[in-house]
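Q: In this text, residue positions in the sequence shown follow this note's numbering: the first is 9, and each later residue adds one.
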Amino acid sequence: MSFKISGMELTPCFVPFKENIRNLLKNTEKGVGMAIDIDEEWLGGDFVICKLFCGDHVGLGEAFVWLPETGTSPEQIIDIIENTLSKYVIGESPFNTEKIMHKMNNNVARNEVAKGLLDMACYDLMGKITGRSASDFIGGKLVEKIPLAALIPLADLETMVMVAKSFIKMGYKSLRYKLGNGIREDIEISKAIREKVGEDIHLRVDYNQAYTPNKAVSAINAIEKYNIDFAEQPVNKEDFVGMSYVQKRVNVPLMAHESFFSVNDFIILVELNAVGVLGVNSERPGGVSNALAVINYAHSRGLKTVIHNQTLGIANAMQIHLTAAKFNYVGYATELFGHVMMEDDLIKSPIVFEKGSAEVPTGPGWGVELDEKALEKYRTREKTIIRKKN
9 MSFKISGMEL
19 TPCFVPFKEN
29 IRNLLKNTEK
39 GVGMAIDIDE
49 EWLGGDFVIC
59 KLFCGDHVGL
69 GEAFVWLPET
79 GTSPEQIIDI
89 IENTLSKYVI
99 GESPFNTEKI
109 MHKMNNNVAR
119 NEVAKGLLDM
129 ACYDLMGKIT
139 GRSASDFIGG
149 KLVEKIPLAA
159 LIPLADLETM
169 VMVAKSFIKM
179 GYKSLRYKLG
189 NGIREDIEIS
199 KAIREKVGED
209 IHLRVDYNQA
219 YTPNKAVSAI
229 NAIEKYNIDF
239 AEQPVNKEDF
249 VGMSYVQKRV
259 NVPLMAHESF
269 FSVNDFIILV
279 ELNAVGVLGV
289 NSERPGGVSN
299 ALAVINYAHS
309 RGLKTVIHNQ
319 TLGIANAMQI
329 HLTAAKFNYV
339 GYATELFGHV
349 MMEDDLIKSP
359 IVFEKGSAEV
369 PTGPGWGVEL
379 DEKALEKYRT
389 REKTIIRKKN
């Protein structure tokens, strides 16, 4: 039997942070909880929800969009899909992910987030059609539950230590905390958190592009003694040479986040010896297909992977499945934080998050069902429906 994608539906939505998260961020510098120079408070998440249709089956995808980081808006993603990318998806089989990605890449440069959104929905659609878990199409799950890391925003020292302590009580064994307001403050924060949580807890730090290469070297070397697993994006996202300069002068592995959008970005970073860890999320470097490619490439170069994002239920499920399928190549606890930050996850039955871990959802595809009422509540404009043209 031939299965062809007959159409798609794209819905932009904004989901506010939970009240406690908004209150926490409100008391941080610039209201974003990180060392990034932007003018607006961070009040919630912008997303695009995608449905792909094939007969009675619906495949789901989700993209998290933040302009200071992704450089694109939900409206721009929907526009490029409606006017260009959709023609390479509609009429194709969702099982032909390589063909679809090849056509999209040949005809449209970059736009990894939009391509990743469609690719994610294809894998869910495969599972819905066959009645099998999407993880079966990416190698099969190796574990039933994955360990998680918690996120601590950049705030005053007392607040950061308090938040760290609360996550340890919840069962987390890995923490990521934000730095970047100066080396002295970085040392104070790292020392206080390490002393509070003990030596058995894994720590990772995120600078959000705060430093010049020279200052980043000094900053990272200053906190190495606190046993840091890796340091995320210490320099400007466009400074690949600067990342290489830093990595060659510090023992702590670097992870690129803002610098890494495409498969080629990561290959260049590796060839420059600019990273020691691969960081992947749900929409970058172009969905499940490209995530698998870079995870396998990283493994071939001796690098472990961390999967991380603050997404809603659909993308959380996808990243849990991806972690479970590539568990032998994932070297660090997965960082999913949308369920902690967002006031709704837009799925009917919540994913089981307990004691610093997440259970792999069961059922066809990603194993989650879209909550249509919640989507209607949080959508920011009318849905865009695209059908195959006769």
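Beta carbons: idealized from backbone N, C-alpha and C, even for Gly.
Nothing here was measured: the structure is a model prediction, and the numbers come from that model.
(1) Helix, strand or coil for Thr80 per DSSP?
(2) What is the residue span of the beta strand (DSSP E) that Gly52 lies within?
(3) Nearest CA to the CA of Trp74: which residue from Cys21, Glu27 and Ala366?
(4) Pairing CB atoms from the segment 276 to 292 with CB atoms from the segment 236 to 255, are three or more of them under 8 Å?
(5) Can you name, in chain order, every residue of its own chain whose Cβ lies under 7 Å from the Cβ of Ala71, other than the five neighbours on each side?
(6) Taking the DSSP output, what are the residues bridged to Met263?
(7) Check each candidate in Lys153, Glu380, Leu354 and Ile322 and name the one with the smallest Cα separation from Pro372.
(8) Please state whether DSSP places Met128 in a helix, a strand or coil.
(9) Please report the distance separating the alpha-carbon of Ala366 from that of Lys181.
(10) In terms of residue numbering, what span does the beta strand (DSSP E) encompassing Arg184 cover?
(11) Check whether the Cβ atoms of Val368 and Lys199 lie closer than 8 Å to each other.
(12) Please report the straight-line C-alpha distance between Ile108 and Glu100, rounded to a whole angstrom.
(13) Going straight from the alpha carbon of Tyr219 to that of Asn189, what length do you get?
(14) Using the DSSP secondary-structure output, state which residues sit across from Ser141 in a beta bridge.
(15) Indicate whether Leu133 and Cys62 have their beta-carbon atoms separated by less than 8 Å.
(16) Which residues share a DSSP beta bridge with Thr19?
(17) Can you give the beta carbon distance from Val260 to Phe238, rounded, assuming they're within the 8 Å contact cut?
(18) Which term fits Thr342, buried or exposed, when burial requires 16 or more other beta carbons within 10 angstroms of its beta carbon?
(19) Starting from the N-terminal side, write out each stretch of the beta strand (DSSP E) that is 3 residues or longer and does not extend beyond the segment 142 to 222.
(20) Need the endpoints of the beta strand (DSSP E) that Lys312 sits in, please.
(21) May I have the straight-line CA-CA distance separating Ala333 from Thr370, to the nearest angstrom?
(22) Secondary structure at Ser308, three-state DSSP: helix, strand or coil?
(23) Considering only the alpha carbon of each residue, which of Tyr185, Thr331, Trp374 and Ala158 lies closest to Ala6?
(24) Taking the alpha carbon of Ala299 as the point to measure from, which residue in Glu90, Ile328 and Leu280 has its own alpha carbon closest?
(25) If you measure from the beta carbon of Gly41 to each beta carbon in chain C, is any gap under 8 Å?
(26) Taking all protein chains shown into account, decide if Thr313 is buried (16 or more other Cβ within 10 angstroms of its Cβ) or exposed.
(27) Taking the alpha-carbon of Gln241 as reference, which of Leu330, Gln217 and Val225 has the nearest alpha-carbon?
(28) First and last residue of the alpha helix (DSSP H) that includes Val278?
(29) With a threshold of 6 Å on Cβ separation, who are the neighbours of Pro221 within its own chain once the five nearest residues in sequence on each side are excluded?
(30) I believe Leu211 touches Ile201 by the beta-carbon criterion, under 8 Å. Please report the beta-carbon distance rounded to the nearest angstrom.
(31) With distances taken between CB atoms, is the gap from Gly339 to His316 smaller than 8 Å?
(32) Per DSSP, what kind of secondary structure is Gly99 in: helix, strand or coil?
(33) Quick one: residues in its chain with C-beta nearer than 8 Å to the C-beta of Leu383, no 5 flanking neighbours on either side, listed in chain order?
(34) What are the start and end residues of the beta strand (DSSP E) that includes Ala71?
(35) Would DSSP call Arg395 helix, strand or coil?
A: Put simply:
(1) In the three-state reduction of the DSSP assignment, Thr80 falls in the coil class.
(2) For Gly52, the enclosing beta strand (DSSP E) starts and ends at Gly52 to Cys62.
(3) Out of Cys21, Glu27 and Ala366, Cys21 has the C-alpha closest to the C-alpha of Trp74.
(4) Contact between the segment 276 to 292 and the segment 236 to 255 is present, with at least three C-beta pairs closer than 8 Å.
(5) Correct list, in chain order: Phe55, Val56, Ile85, Val121, Gly124, Leu125 and Glu291.
(6) Met263 pairs with Glu240 and Val285.
(7) Check the Cα spacing between Pro372 and each of Lys153, Glu380, Leu354 and Ile322: the tightest is with Ile322.
(8) Judged by DSSP in its simplified three-state form, Met128 adopts helix.
(9) It is roughly 13 Å from the alpha-carbon of Ala366 to the alpha-carbon of Lys181.
(10) For Arg184, the uninterrupted beta strand (DSSP E) segment begins and ends at Ser182 to Lys186.
(11) Cβ distance not < 8 Å, so Val368 and Lys199 don't count as in contact.
(12) Pairing Ile108 with Glu100, the inter-Cα distance amounts to about 8 Å.
(13) Annotation: Tyr219 to Asn189 spans about 9 Å, alpha carbon to alpha carbon.
(14) DSSP output for Ser141 lists Gly373 as bridge partner(s).
(15) It is a contact, given that the beta carbons lie within the stated cut-off.
(16) Within the DSSP bridge table, the entry for Thr19 names Ile57 as partners.
(17) Indeed they touch by this definition, with Cβ atoms about 6 Å apart.
(18) Flag for Thr342 reads buried.
(19) DSSP runs (the beta strand (DSSP E)) wholly in the segment 142 to 222: 153 to 155, 157 to 160, 182 to 186 and 210 to 214.
(20) Lys312 to Asn317 is the extent of the beta strand (DSSP E) around Lys312.
(21) Using only the alpha carbons, I get a separation of about 14 Å.
(22) The answer is helix: DSSP assigns Ser308 an H, G or I state.
(23) Not covered by the structure: residue 6. The range shown for the chain is 9 to 398.
(24) Relative to Ala299, the option among Glu90, Ile328 and Leu280 whose CA is nearest is Ile328.
(25) Chain labels in this structure do not include chain C; a single protein chain is all it has.
(26) The residue is buried, with at least 16 neighbouring Cβ atoms inside 10 Å.
(27) Nearest in C-alpha terms to Gln241, of all of Leu330, Gln217 and Val225, is Gln217.
(28) Segment Val271 to Glu279, the alpha helix (DSSP H) holding Val278.
(29) Taking Pro221 as the centre and dropping the five residues before and after it, the same chain places the C-beta of Val243, Gly250, Tyr253 and Val254 closer than 6 Å to its C-beta, in chain order.
(30) Indeed, because the Cβ distance is near 7 Å, the residues count as touching under 8 Å.
(31) Not a contact, by the Cβ cut-off of 8 Å.
(32) Here Gly99 sits in coil by DSSP.
(33) These residues qualify, in order along the chain: Thr19, Cys21, Ile57 and Leu354.
(34) Segment His65 to Val73, the beta strand (DSSP E) holding Ala71.
(35) It is a strand residue.
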